[in-house]
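Below: the structure, in structure tokens.
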Amino acid sequence: MESVIILIFIIGYLSITLEHPLKLDKTVPALIMASLIWAFLAVGFHLGWFDVIDTYEQAYSLFPNGVPLTGDALHDAEHGFDNTLLHHLGKTAEILIFLIGAMTIVEIIDLHRGFEVLKGAVRTRSKKKLLWIIGILAFILSAIIDNLTATIVLITLLRKLIVNREQRLWFAAMVVIAANAGGAWSPIGDVTTTMLWIADNVTAMGLIKFVIIPSVICFVIPFFIATYLPAFKGDIVVDTQEDEEAGRLLSSKTMLFLGLGMIVSVPIFKTITHLPPYMGMMLALGVVWLVSEYIHPEEDFTKERKHLYSAHKALSRIEISSILFFLGILMAVAGLESLVYGVSEAGDPVGTLRYVAEILNGAVPNQDVVVVILGILSAIIDNVPLVAASMGMYTAETDSLLWHFIAYSAGTGGSMLIIGSAAGVAAMGMEKIDFIWYLKKITWLAFVGFAAGAIAFVLLTGGTMGA
Numbered sequence: 001m002e003s004v005i006i007l008i009f010i011i012g013y014l015s016i017t018l019e020h021p022l023k024l025d026k027t028v029p030a031l032i033m034a035s036l037i038w039a040f041l042a043v044g045f046h047l048g049w050f051d052v053i054d055t056y057e058q059a060y061s062l063f064p065n066g067v068p069l070t071g072d073a074l075h076d077a078e079h080g081f082d083n084t085l086l087h088h089l090g091k092t093a094e095i096l097i098f099l100i101g102a103m104t105i106v107e108i109i110d111l112h113r114g115f116e117v118l119k120g121a122v123r124t125r126s127k128k129k130l131l132w133i134i135g136i137l138a139f140i141l142s143a144i145i146d147n148l149t150a151t152i153v154l155i156t157l158l159r160k161l162i163v164n165r166e167q168r169l170w171f172a173a174m175v176v177i178a179a180n181a182g183g184a185w186s187p188i189g190d191v192t193t194t195m196l197w198i199a200d201n202v203t204a205m206g207l208i209k210f211v212i213i214p215s216v217i218c219f220v221i222p223f224f225i226a227t228y229l230p231a232f233k234g235d236i237v238v239d240t241q242e243d244e245e246a247g248r249l250l251s252s253k254t255m256l257f258l259g260l261g262m263i264v265s266v267p268i269f270k271t272i273t274h275l276p277p278y279m280g281m282m283l284a285l286g287v288v289w290l291v292s293e294y295i296h297p298e299e300d301f302t303k304e305r306k307h308l309y310s311a312h313k314a315l316s317r318i319e320i321s322s323i324l325f326f327l328g329i330l331m332a333v334a335g336l337e338s339l340v341y342g343v344s345e346a347g348d349p350v351g352t353l354r355y356v357a358e359i360l361n362g363a364v365p366n367q368d369v370v371v372v373i374l375g376i377l378s379a380i381i382d383n384v385p386l387v388a389a390s391m392g393m394y395t396a397e398t399d400s401l402l403w404h405f406i407a408y409s410a411g412t413g414g415s416m417l418i419i420g421s422a423a424g425v426a427a428m429g430m431e432k433i434d435f436i437w438y439l440k441k442i443t444w445l446a447f448v449g450f451a452a453g454a455i456a457f458v459l460l461t462g463g464t465m466g467a
């Protein structure tokens, strides 16, 4: 009967990856998949079809050796199942609350037109210089406000700078590479690194120490090669004379620097208090919200216009479907992680994902190669469930090189296909980038950067085998 749950996951997964041909929002199959997996798991557990295992490697069964439990033993087993579900829901909620806080702060900044300030950084007509300016902005911003938001901000900026859509597509595609590379070395730069960070698999300083150099290489090499491509030769018509102050408000600079500063303070808050990151993000949101209530964006600011810049409006602009997608996919993966599928080499029961990890490690003895394969798969399959699966597959200690290599591979590997990352999907939606066009023009650049960064990681650290 375990195959039923795995089949549900496979069908749901395929529906997510084929959302464009199916014309179905990926949130729908994610939610249905998670609900069905846990429903079958609950029914099967109470009928004796399945055993479950929690994150502390404690297995629970209502029919051990075919004999039904009674009394306190029965109660403890049922309680163990409930606690396993609640534990996974709690861990998932930590990520969702963190994302809601970060997304709200970014939306508040955007309402106050804080990102208009960034337009002042672009003062060139040279395609090569513009490429590097946009790339560096994407790399840095993605580490601060996450790669998805950085991509949205910079493509919006590109639309104001480059009128010709065909030229703009090249820059937008390169933004995806830079944003994913920049997000990989920051605990708040990508959903996957945030997941690893919140789960205490990595620390902020550990990510910076081990991943920043491979990430820089992953960003720099494709951009260096791109400067020799015909698409980035010559000049472009950029309106450098436009009055930059025209699009700003009195509150633009204040809200930009306050918002970004509070987001950056979250890792510091966690280091000092040892509280989960979502608590720091709630504090950051509270401070930004407080200031937004009293600040005057305009000279003749009236109470009637306050709603235009309020946090309530920012909350209404958050993409809740993305939040629900993460809820569905993370809980679905948690269901697989909780299903006992086999036994380890030591003879202990293990969950499905741990079982797959042992098979992978047996088939591919080199762990570095396994992680690189995960990175390549993240271009085909969403990197969120891949990282969630890897967290159930491995039990390495905090700041193990394994987790950092997974953070790099999953974060940057998605750049190889336009649908392989949240940043890529955002760019695809905003600029209607064709899948085949990206595959022909950009994939090889992204692969070269990914491979160079992976090689650099192994050379600099000695690889995960020694972790």
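Following UniProt numbering, the numbering of the sequence shown begins with 1 at its first residue and continues without gaps.
Note that CB positions come from ideal geometry on N, CA and C, so glycine has one too.
Note that this is a predicted model, so its numbers are computed, not measured.
- Item | Neighbourhood of Ala-454 by C-beta distance below 6 Å, restricted to the same chain and skipping five residues each side | Val-372
- Under a three-way DSSP split, which group does Asp-235 fall into? The three-state secondary structure of Asp-235, taken from DSSP, is strand.
- Task: Please name the residue in Asp-300, Leu-339, Tyr-228, Gly-90 whose C-alpha comes closest to that of Tyr-278.
- Result: Closest by alpha carbon: Gly-90.
- Item | Selected residue, minimal CA-CA separation from Met-1, among Leu-24, Val-211, Val-340 | Val-340
- Item | Residue burial classification, Glu-116 (beta-carbon count within 10 angstroms, cutoff 16) | buried
- Query: To the nearest whole angstrom, what separates the beta carbons of Ala-181 and Thr-412, a pair I think is in contact under 8 Å?
  - Reply: 5 Å
- Message: On the DSSP bridge list, what partners appear for Ser-126?
- Response: Checking the DSSP bridge columns, you'll see Ser-126 partnered with Asp-235.
- Message: Going by DSSP, what residue range makes up the alpha helix (DSSP H) through Gly-342?
- Response: Counting along the chain, Gly-342 falls outside any alpha helix (DSSP H), though it belongs to the beta strand (DSSP E) covering 340 to 343.
- Task: Would you kindly work out how many angstroms separate the C-alpha atoms of Leu-99 and Arg-165, rounded to a whole number?
- Result: 32 Å
- Bridge partners of Pro-349, per DSSP? Val-343
- Task: Could you tell me the distance, in whole angstroms, from the CA atom of Ile-10 to the CA atom of Gly-462?
- Result: The alpha-carbon atoms of Ile-10 and Gly-462 are separated by roughly 35 Å.
- What residues match up with Tyr-60 in a beta bridge as DSSP calls it? According to DSSP, Tyr-60 bridges with Val-52.
- Would you call Asn-147 buried or exposed, if buried means 16 or more other Cβ atoms sit within 10 Å of its Cβ? The residue in question, Asn-147, is buried, as its Cβ has 16 or more Cβ neighbours within 10 Å.
- Counting along the chain, where does the alpha helix (DSSP H) carrying Thr-443 start and finish? Start and end: 443 to 461.
- Message: Comparing C-alpha positions only, which one of Tyr-294, His-296, Lys-270 sits nearest to Ala-284?
- Response: Lys-270
- Would you call Phe-223 buried or exposed, if buried means 16 or more other Cβ atoms sit within 10 Å of its Cβ? buried
- Give the straight-line distance between the Cα atoms of Ile-217 and Ala-446, rounded to the nearest whole angstrom. 11 Å
- CA nearest to the CA of Leu-47, picked from Ala-102, Leu-69, Leu-330, Ser-15: Leu-69
- Item | Trp-289 in three-state terms, based on DSSP | helix
- Message: Just to confirm my understanding: we take Ser-126, look at its own chain, exclude 5 residues before and 5 after, and list those with CB closer than 7 Å. What are they?
- Response: Apart from sequence neighbours up to five positions away, the residues of its chain that approach Ser-126 with a beta-carbon distance below 7 Å are Asp-235, ordered along the chain.
- Item | Cβ neighbours of Ala-184 in the same chain (closer than 7 Å, five flanking residues each side left out) | Asp-190, Thr-193, Val-211, Ser-215, Ala-407, Tyr-408, Gly-411, Thr-412
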